[in-house]
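Visitor: After the structure tokens below, expect a handful of questions from me.
Protein chains in written order, with the working numbering: chain A, 1 to 114; chain B, 1001 to 1113.
What follows is the structure, encoded as structure tokens:
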């Protein structure tokens, strides 16, 4: 089975633009989580979705939004990009939304803001 | 508030030597603890997890970890390091009310011949 796939792998944007990142979970996984990993830091939780509903939200501004589709894929949207949004954005999927289900991470989207 | 501390930013070990990576957490309830490894340019791979029971847990790639509640610690160990173990290692604590993780800042491991 394919793992978690994220697209694009790399992206360059300028300040003020918006961006959409995409994630396809492992087949059979209904939960998707998004993380931001700034260079030299650990991942920071942004959102978790399960069955198209938001199950958790980290401490990120409203410029960040996400949604999950009926096929359980997900999009992360960021508006009004700032230089500080430059990071590796990781998607993780799991079978359910509970903590005892292991999360499987994709390789991430590297977003650079100029 | 939950927090995870990895006191060692960078560690260098010789191939074949033993490895110990430290992790301390702050959490008000029963912790769900994890160790992940991240190779350059890649996502995170789960090495092992602790939910309850035996405080010594076994993981993949020959790794094990020891949970000590009295010290709020979750220490990752490997008896003999291989060059392919060079990577970034992250400790994480999970909230039991949802699949939300809090990661430490990571420990970078270099393996020398």
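The C-beta atom is built at its ideal place from N, Cα and C for all residues, glycine as well.
Only a predicted model underlies this, so the values are computations on that prediction, with no experimental measurement involved.
#1: Assuming residue 110(A) contacts residue 5(A) (C-beta within less than 8 Å), just tell me the rounded distance between them.
#2: What residue ranges within the stretch 11 to 72 of chain A form continuous beta strand (DSSP E) runs of no fewer than 3 residues, ordered along the chain?
#3: Cβ closer than 7 Å: which chain B residues qualify as neighbours of residue 59(A)?
#4: In the structure shown, what three-state DSSP assignment does residue 1061(B) receive?
#5: So, is the C-beta of residue 43(A) closer than 8 Å to a C-beta in chain B?
#6: Taking the straight line between their C-alpha atoms, what separation do you get for residue 7(A) and residue 106(A)?
#7: Quick test of your reading: residue 16(A) and residue 81(A), contact by CB under 8 Å. State the CB separation rounded to the nearest angstrom.
#8: Are residue 1025(B) and residue 1090(B) close, meaning C-beta to C-beta below 8 Å?
#9: So what does DSSP say about residue 82(A), is it helix, strand or coil?
#10: What are the partner residues of residue 75(A), as DSSP defines its beta bridges?
#11: Would you grab the beta carbon distance between residue 24(A) and residue 47(A) for me? Rounded to a whole angstrom, and I think it's under 8 Å.
Guide: Judging by the given coordinates:
#1: For the purposes of this step, residue 110(A) is taken as the residue at position 110 of the first chain. For the purposes of this step, residue 5(A) is taken as the residue at position 5 of the first chain. That belief does not hold up - the Cβ atoms of residue 110(A) and residue 5(A) are roughly 15 Å apart, past 8 Å.
#2: Entirely contained in the stretch 11 to 72 of chain A, the beta strand (DSSP E) runs reaching 3 residues are, in chain order, 19 to 24, 31 to 37, 44 to 50, 53 to 57, 64 to 68.
#3: The sequence position of residue 59(A) within the first chain is 59, counting from 1. By Cβ distance, chain B contributes nothing, its closest Cβ being about 10 Å from residue 59(A), past 7 Å.
#4: The residue given as residue 1061(B) occupies position 61 in the second chain. Residue 1061(B): helix per DSSP, three-state reduction.
#5: Within the first chain, the letter at position 43 stands for residue 43(A). So yes, residue 43(A) belongs to the interface.
#6: Translated into the one-based positions of the first chain, residue 7(A) becomes position 7. Translated into the one-based positions of the first chain, residue 106(A) becomes position 106. Whole-angstrom Cα-Cα distance: 10 Å.
#7: Locating residue 16(A) in the first chain gives position 16, counting from the first residue. Locating residue 81(A) in the first chain gives position 81, counting from the first residue. Right, the Cβ-Cβ distance comes to about 6 Å (below 8 Å), so this counts as a contact.
#8: In the second chain, counting from the first residue as 1, residue 1025(B) sits at position 25. In the second chain, counting from the first residue as 1, residue 1090(B) sits at position 90. No. Outside cutoff.
#9: In the first chain, residue 82(A) corresponds to position 82, counting from 1. Looking at residue 82(A) - three-state DSSP - the assignment turns out to be coil, as it is neither helix nor strand.
#10: The count along the first chain starts at 1 and reaches residue 75(A) at position 75. Per DSSP, 22(A), 67(A).
#11: Here the question's residue 24(A) lines up with position 24 in the first chain. Here the question's residue 47(A) lines up with position 47 in the first chain. With a Cβ gap of about 16 Å, residue 24(A) and residue 47(A) do not count as contacting.
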